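S.K.: Those protein sequences? They're chains A and B, same order as listed.
Residues 88 to 199 in this note's numbering are what the first sequence spells out, letter by letter.
Residues 328 to 438 in this note's numbering are what the second sequence spells out, letter by letter.
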Amino acid sequence: DAGITQSPRYKITETGRQVTLMCHQTWSHSYMFWYRQDLGHGLRLIYYSAAADITDKGEVSDGYVVSRSKTENFPLTLESATRSQTSVYFCASAGGSGNTIYFGEGSWLTVV
Amino acid sequence: SQQGEEDPQALSIQEGENATMNCSYKTSINNLQWYRQNSGRGLVHLILIRSNEREKHSGRLRVTLDTSKKSSSLLITASRAADTASYFCATVNTGGFKTIFGAGTRLFVKA
C-alpha cells in the first residue's frame, strides 16, 4: 500500500529556475492539496483540486502552477523559483469532501 | 489570514499530566479536524468533529467544538513522552472542501 508519495524529497535549486514537485497517490482519492510549511506559519494552502482537470487557488498561489490530468497525480511547478519559496512542501489527498486528509512525507526545497 | 489559530504556541508538561490546546476560527465550517506532526514528518489525522457535534472522544483524546464561539479544544489525557509533537487544527469550509490549517501548538512532554 504505497499511499501518497512525493518526489523529490530533497531539492536544491537556483533562483530563476523552474522546479516541479511530483505527487502520486494510489487510493484514487478525488481531492488533492498542496501546502507549504514555514516556521511560524504552520501549513498554508497553495492549490487544491476536486477532481482531474479541476483546480483552484489557495492562500498563497502566486508563483506556483498545478495540473491534474490524471486523478492520481498532482504536480506542483514553481515557474521561476525565488528564495522566498524555500520551504517544505506537502502534498495531501482526501477521499471525500471534508474527509480525513492523508499527507505525503514532504519535499524539502531550498532555493539559493 | 489563516482560518484556524492555535493557542498556546508551545506547551511543556510532565509525563502523566493533561495537555489542552485551543483552536479558534473565523468562518462557518463543515467540520474541524486535529492533526499531529512529528518532527520532519507529514501530518497524521487524529480526530474529526462535525459542525453539529459538541464533543468527541478517541482513546486519550477529547475534542470539543463550540460553533457559537468558533472555537475548539483538544485535550490529551495522561500524556506520554511519545506525545511530543506539533498539533494542528484544520477547518473545512461549509459547502466545500478547502481545508485550512492553523500555525500549530508545539507540545513537549518531559519524561
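All C-beta atoms in this analysis are idealised placements derived from N, C-alpha and C, irrespective of residue type, glycine included.
Nothing here was measured: the structure is a model prediction, and the numbers come from that model.
Given a cut-off of 9 Å, decide if ALA139 (chain A) and LYS157 (chain A) are closer than it, judged by their beta-carbon atoms.
M.R.: As a working mapping, residue 157 (chain A) is identified with position 70 in the first sequence. As a working mapping, residue 139 (chain A) is identified with position 52 in the first sequence. Against a cut-off of 9 Å, the Cβ pair of ALA139 (chain A) and LYS157 (chain A) comes out as a contact.
S.K.: What's the C-alpha gap between LEU196 (chain A) and ARG104 (chain A)?
M.R.: The residue you call residue 196 (chain A) lines up with position 109 of the first sequence. The residue you call residue 104 (chain A) lines up with position 17 of the first sequence. Rounded to the nearest whole angstrom, the CA to CA distance from LEU196 (chain A) to ARG104 (chain A) is 12 Å.
S.K.: Decide if ALA408 (chain B) is buried, meaning its Cβ has at least 16 other Cβ atoms within 10 Å, or exposed.
M.R.: Along the second sequence, read from residue 1 onward, the residue named residue 408 (chain B) stands at position 81. When all chains shown are included, ALA408 (chain B) counts as exposed.
S.K.: Take VAL106 (chain A) and list the residues in its own chain whose beta-carbon comes closer than 6 Å to its own, dropping the five residues that flank it on each side.
M.R.: Along the first sequence, read from residue 1 onward, the residue named residue 106 (chain A) stands at position 19. Hits under 6 Å: THR100, LEU165, ALA168.
S.K.: Checking the sheet assignment: what are the DSSP bridge partners for VAL106 (chain A)?
M.R.: On the first sequence, position 19 is the one that residue 106 (chain A) refers to. Paired residues: A:LEU165.
S.K.: Along the segment 405 to 433 of chain B, what residues have a CB closer than 8 Å to any CB found in chain A?
M.R.: Taking 8 Å as the upper bound on Cβ-Cβ separation, chain A lies near residues PHE415, ALA417, VAL419, GLY423, PHE424, LYS425, THR426, ILE427, PHE428, GLY429, ALA430, GLY431 of the segment 405 to 433 of chain B.
S.K.: Sorted by chain position, which residues of the same chain lie with C-beta nearer than 6 Å to SER360 (chain B)'s C-beta, five sequence neighbours on each side aside?
M.R.: In the second sequence, the residue the question calls residue 360 (chain B) occupies position 33. Reading off the sequence, residue 360 (chain B) comes out as Gln, not Ser. So the qualifying residues of the chain are LEU375, ALA417.
S.K.: Have a look at LEU108 (chain A) and PRO162 (chain A) and give me their C-alpha separation to the nearest angstrom.
M.R.: Locating residue 108 (chain A) in the first sequence gives position 21, counting from the first residue. Locating residue 162 (chain A) in the first sequence gives position 75, counting from the first residue. Those two C-alpha atoms are separated by around 6 Å.
S.K.: Locate the beta strand (DSSP E) running through GLU380 (chain B), then write down its first and last residues.
M.R.: Start at 1 with the first residue of the second sequence, and residue 380 (chain B) comes out as number 53. No beta strand (DSSP E) contains GLU380 (chain B), which DSSP labels as neither H nor E.
S.K.: My guess is that LEU388 (chain B) and LEU401 (chain B) are in contact by the Cβ rule of under 8 Å, so how many angstroms apart are they, rounded?
M.R.: Counted from its first residue, the second sequence places residue 388 (chain B) at position 61. Counted from its first residue, the second sequence places residue 401 (chain B) at position 74. The pair is a contact, with the Cβ atoms about 7 Å apart (cut-off 8 Å).
S.K.: Pull up the CB-CB distance for SER180 (chain A) and HIS128 (chain A), whole angstroms please, since I reckon it's below 8 Å.
M.R.: Position 93 of the first sequence holds residue 180 (chain A). Position 41 of the first sequence holds residue 128 (chain A). Between HIS128 (chain A) and SER180 (chain A) the Cβ distance is about 22 Å, and since that is not below 8 Å, they are no contact.
S.K.: Within the same chain, show all residues whose beta-carbon is closer than 8 Å to that of LYS437 (chain B), passing over the 5 residues directly before and after it, in chain order.
M.R.: Against the second sequence, residue 437 (chain B) aligns to sequence position 110. Answer for LYS437 (chain B): SER339, ILE340, GLN341, GLU342, ALA408, listed in chain order.
S.K.: Alpha carbon to alpha carbon, how far is GLU382 (chain B) from ASP410 (chain B)? Give it in angstroms, no decimals.
M.R.: As a working note, residue 410 (chain B) is residue 83 in the second sequence. As a working note, residue 382 (chain B) is residue 55 in the second sequence. Going from the Cα of ASP410 (chain B) to the Cα of GLU382 (chain B) covers about 21 Å.
S.K.: Note down the Cα distance separating TYR97 (chain A) from SER174 (chain A), rounded to an integer number of angstroms.
M.R.: Translated into positions along the first sequence, residue 97 (chain A) becomes position 10. Translated into positions along the first sequence, residue 174 (chain A) becomes position 87. Each residue's Cα considered, the two are about 11 Å apart.
S.K.: Please list the partners that LEU375 (chain B) has in chain A, where partner means a Cβ-to-Cβ separation under 7 Å.
M.R.: Numbered from 1 along the second sequence, position 48 holds the residue referred to as residue 375 (chain B). In chain order: THR187.
S.K.: For SER355 (chain B), name the three-state secondary structure that DSSP assigns.
M.R.: As a first step, residue 355 (chain B) must be located in the second sequence, where it is residue number 28. Looking at SER355 (chain B) - three-state DSSP - the assignment turns out to be coil, as it is neither helix nor strand.
S.K.: What do you get for GLN364 (chain B), buried or exposed, if any count of 16 or more other CB atoms within 10 angstroms of its CB means buried?
M.R.: As a first step, residue 364 (chain B) is located in the second sequence; it is residue number 37 there, counting from the start. Under this definition GLN364 (chain B) is a buried residue.
S.K.: Step through the CB atoms of chain B and report whether any lies within less than 9 Å of the CB of GLY192 (chain A).
M.R.: In the first sequence, the residue the question calls residue 192 (chain A) occupies position 105. Sequence inspection shows Glu at residue 192 (chain A); the Gly mentioned does not correspond to that position. Yes - at least one Cβ of chain B is within 9 Å of the one on GLU192 (chain A).
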